[in-house]
Every structure is written in structure tokens, then in C-alpha cells.
Amino acid sequence: MSIVTSGLHHVTAIAGDPRRNAEFYLRTLGLRMVKITVNFDDPGTYHLYYGDESGRPGTLMTFFPFHGAPPGKQGNGQATATAFSVPEHSIGWWHRRLNEAGVEIDGVGQRPGEDVLTFRDPDGLTLSLVARPQPDPREPWENGLVPPEHGIRGLHSVTLSVDSEDATVSMLTEMGLSLAEQQDNRFRFAAGEGGPGPTWMCWCVPARSAVS
Numbered sequence: 001m002s003i004v005t006s007g008l009h010h011v012t013a014i015a016g017d018p019r020r021n022a023e024f025y026l027r028t029l030g031l032r033m034v035k036i037t038v039n040f041d042d043p044g045t046y047h048l049y050y051g052d053e054s055g056r057p058g059t060l061m062t063f064f065p066f067h068g069a070p071p072g073k074q075g076n077g078q079a080t081a082t083a084f085s086v087p088e089h090s091i092g093w094w095h096r097r098l099n100e101a102g103v104e105i106d107g108v109g110q111r112p113g114e115d116v117l118t119f120r121d122p123d124g125l126t127l128s129l130v131a132r133p134q135p136d137p138r139e140p141w142e143n144g145l146v147p148p149e150h151g152i153r154g155l156h157s158v159t160l161s162v163d164s165e166d167a168t169v170s171m172l173t174e175m176g177l178s179l180a181e182q183q184d185n186r187f188r189f190a191a192g193e194g195g196p197g198p199t200w201m202c203w204c205v206p207a208r209s210a211v212s
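Under full-length UniProt numbering, the first residue of the sequence shown is numbered 1, with each subsequent residue one higher.
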């Protein structure tokens, strides 16, 4: 029986101060607090969910905050960058907003058919906003602090830093993903037909390669 993967459901990461984390994702990025629960393996730790109005799959970024814990380090075997989808022509607006908020910005760049703004959250997690000419059919959170015409539509993709590209390619293919394109040592996989929305799954970046 073949496996069918329809796209990203959510991305979960580790944070430090939960208040600082919520301030950034709610006020700066304009996402909605979908729910607050606890880590089932550690009930003394919160589990914070950010997304759209109804918390639909493909829009969710979640965090386990460990206040006072030492910062982690990026390495192989991790999802080292998370990208969100924004409307075309919104990158300039977001660059100004993040700059005014004092956010650490890594830069603005381009991939084929995409404009990309890369920055860091308060804990140093690498994030990107990606704008494509094709409209993303998902609706933004309209009652947040970001105008809907610039609002985040949901997850775009994640970047995986890997030790073995061959093993990862084999695993992702078994999961029903397809190799959509290759740029030097970066391999892009998609679910379904790819394109706008949560169907762009991930970039696979072999060891010691730059993440962007």
C-alpha cells in the first residue's frame, strides 16, 4: 500500500521564555493563539499552538517553552529553518515591520519564483517568509495585529539538515513525497502537485551546507 502525504500538518520547536515567545508570534507575526495545553511527557511544561482562526492543519507552529534552559545549537538531523507563506509583494512590508520591531534579519533573497525574507525569532530560531506569484488559497488570521493583505497564510516549508542525502531522499520518497527540484546541494520535495499552500514540504540540505 502506497503512502499518501498531503502536506505539512504542523512544526514543533523548543523555546525559552514563554511570554517572550507569545509576544513575538502573536504581536510581531500576527498569528493566533490557537490553544495552550501541556507537554504530555512533562505536564509542568506548556505546549503553545499558533496558527490561523480555526487552527487548520498546515498553519500550526507549536512550542515547548523551557524558561531558563541554555540555548540549543543547530546541527544535522534537525529541521533547521521554518518558512511561512505570505502574499506576493508583501516582503518589503514585512522587512520594514521586522526591522522596526528590532528583529534580527539575516537578509532578503530569491529562489526560482519566490522572494524570501529570512530572520530569527527571540530564541534564535531561523524563520523565513516566502512570497510567490501564485495566490495561496488559505485565509490569514484577520483579527490579529497584521493587516490581512500581508498576513501569514500558513506553513510554506521546512529545511532539513541531514548527514546522508541518499537516506533522506529514500525516506521522503517512501512517505509519498516527490523530488520537485534541485539547486546545487539543495533538494526540494513536495506533496501532491506542490505549489502554493502547505504542499511544498521541505528542502533537504546535506551536512555542512548553509541553511537559507
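Note that beta-carbon positions come from the ideal geometry of N, C-alpha and C, so glycine has one too.
If you're wondering where the values come from, they're calculated on a predicted model, not measured in any experiment.
Quick check on this structure: which residue in the options has the alpha carbon closest to the alpha carbon of residue i?
i, options, result
"Ser-161", "Ile-91, Phe-187, Glu-104 and Pro-140", "Phe-187"
"residue 214", "Ala-131, Arg-96, Arg-56 and Leu-145", "Residue 214 cannot be examined here, being either before or after the span of the chain that is shown, 1 to 212."
"Ala-131", "Val-38, Ala-15, Glu-104 and Val-108", "Val-108"
"Gly-58", "Leu-127, Val-4, Ser-85 and His-9", "His-9"
"Thr-159", "Gly-102, Pro-87, Thr-80 and Asn-21", "Thr-80"
"Ile-105", "Leu-129, Ser-85 and Gly-75", "Leu-129"
"residue 231", "His-89, Ser-164 and Asn-185", "In the structure as shown, the chain begins at 1 and stops at 212. Residue 231 is therefore absent and cannot be evaluated."
"Ser-170", "Val-11, Phe-189, Lys-35 and Leu-60", "Phe-189"
"Tyr-50", "Thr-62, Thr-126 and Asn-39", "Thr-62"
"Thr-126", "Asn-185, Thr-168 and Lys-73", "Lys-73"
"Ser-157", "Thr-28, Leu-60 and Met-33", "Leu-60"
"Gly-124", "Ala-180, Gly-55 and Thr-82", "Thr-82"
"Arg-111", "Ala-191, Ser-54, Pro-133 and Gly-30", "Pro-133"
"Glu-88", "Asp-121, Arg-153 and Arg-32", "Arg-153"
"Asn-143", "Gly-30, Glu-181 and Ile-36", "Gly-30"
"Ala-101", "Leu-179, Asp-184, Thr-37 and Thr-28", "Thr-28"
DSSP has residue i in a bridge; who is on the other side?
i, result
"Gln-183", "Arg-186"
"Gly-154", "Ser-85"
Does residue i come out as helix, strand or coil in the three-state DSSP assignment?
i, result
"Ser-209", "Only weak support exists for where Ser-209 lies, its pLDDT of 44 falling under 50; the value from the coordinates is given anyway. Of the three classes helix, strand and coil, the one that applies to Ser-209 here is coil, per DSSP."
"Ser-178", "strand"
"Asp-169", "Looking at the sequence shown, residue 169 is not Asp but Val. Three-state result, Val-169: helix."
"Glu-142", "coil"
"Pro-147", "coil"
>> Restricting to runs no shorter than 4 residues, where is the alpha helix (DSSP H) found entirely within the UniProt domain "VOC" (7-132)?
In response: The UniProt domain "VOC" (7-132) contains these whole alpha helix (DSSP H) runs: 18-22 and 91-100.
> Within the chosen definition, does the segment 43-50 reach the segment 92-108 through at least 3 CB pairs nearer than 8 Å?
Replying inline: The segment 43-50 is not in contact with the segment 92-108.
> Are there three or more Cβ pairs, one per stretch, closer than 8 Å when the segment 107-116 is compared with the segment 45-55?
Replying inline: No, the segment 107-116 is not in contact with the segment 45-55.
>> Is it the case that the segment 61-79 contacts the segment 132-139, given that we only count it when at least three CB pairs across the two stretches are under 8 Å?
In response: Touching, no, given that fewer than three Cβ pairs across the two stretches are closer than 8 Å.
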